[in-house]
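Read in order, the letters of the sequence shown are residues 557 to 819 in the working numbering. Notes follow once the structure below has been shown.
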Amino acid sequence: MSEQRLDDLDGDGELDDLTAVGIGAGPVAVVTGASRGIGRFLADALEDAGYAVERGSTAVAPVTDPAAVSAWVGDILERQGRVDLLINNAGVIDAEVDVLESDPDQWWSVISTNLRGPYLLTHALGEALRRSGGRVINVNSGSAFSGAEVASAYCASKAALHQLTSATVAAGIPCLDLMPGVVRTDMTLSMDSHRARAQWTDPAAVVELVLAFASGRLDDWSGRFVRAGADTVASLEQAAAHGLSPRARRLVLRPYGGEDPLG
């Protein structure tokens, strides 16, 4: 992965005047679930790229607690004065059982963390992101559209998260559904479905897409899914240059044929 700094916003290899574009000392990112796993990888990479990173964790502010989120965001804006990037990464998965065997409290807790959390952060930071011309990345999953016989809460939460992504775009904030692939983390290692896995997604592939979207290079993909390890910045830019259909990489209802009244 080639290193990309956020003081080279246009990708021409020359450092840009950050003051001229209103960034001041440097851009600010908020990353939830940054104490471990993908969140830590992303937070570290963003700092290396020149961001001031606000790292979220349960100890800092539980993402499902409106008062805690509001207080945390208020503190960030008081200290930093702006936010340029929000990465809604904090997430959990339910026990790998079918829906009838699931625990109702745990099921709803997964929905709350994976959906309410991103909503609360996006809602709290929305105006600040608008002012800065900032962006949101929602860490999503192929489970949003492929589903699964187990982990129904996780699948439902990720499908709903895509609708939040669409709503964020409609509100005037570029927002991306980023599927990180299967990165080796505590969560993936705990899952029965990955116990025999030999190949994992390189975190560097996730970082590359994050930095590209944060810089504006992938704004054509706002409101859509991209996947680390399958997509590259170059392949996504090439696809966008040829034009993306309105339904490309989005959750839509496929008609059964030309006469489908819902099509």
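We treat Cβ as the ideally placed atom computed from N, Cα and C, and that holds for glycine.
task = Rounded to whole angstroms, what's the CA-CA distance from Glu603 to Val584? Just pull it up for me.
result = 9 Å
query = In terms of residues, what are the limits of the beta strand (DSSP E) holding Ile693?
reply = 691 to 695
query = How long is the line joining the alpha carbons of Asp654 and Glu705, rounded to whole angstroms?
reply = 6 Å
ask   = Buried or exposed: where does Arg805 fall if 16 or more other Cβ atoms within 10 Å of its Cβ makes it buried?
value = buried
query = Looking at C-beta atoms only, is the number of pairs between the region 586 to 595 and the region 606 to 615 that lie closer than 8 Å three or more?
reply = At 8 Å Cβ cutoff, the stretches touch.
key: Element boundaries [alpha helix (DSSP H), containing Asp733]   = Counting along the chain, Asp733 falls outside any alpha helix (DSSP H), though it belongs to the beta strand (DSSP E) covering 731 to 735.
task = For Tyr812, collect the residues of the same chain with a Cβ closer than 8 Å to its Cβ; drop the 5 residues on either side in sequence, then sort them by chain order.
result = Gly819
query = If you draw a straight line from the alpha carbon of Gly606 to that of Asp640, how long is it in whole angstroms?
reply = If I take the Cα positions, the gap works out to 12 Å.
request  = Take every Cβ of the region 624 to 640, pair it with every Cβ of the region 793 to 804, and state whether three or more of those distances are shorter than 8 Å.
outcome  = no
request  = Look up Asn504 in the DSSP assignment and give the residues it is bridged to.
outcome  = Since the first residue of the chain shown is 557 and the last is 819, residue 504 is not available in this structure.
inquiry  = Between the alpha carbons of Pro618 and Ala786, how many angstroms are there, rounded?
reply    = C-alpha separation (whole angstroms): 32 Å.
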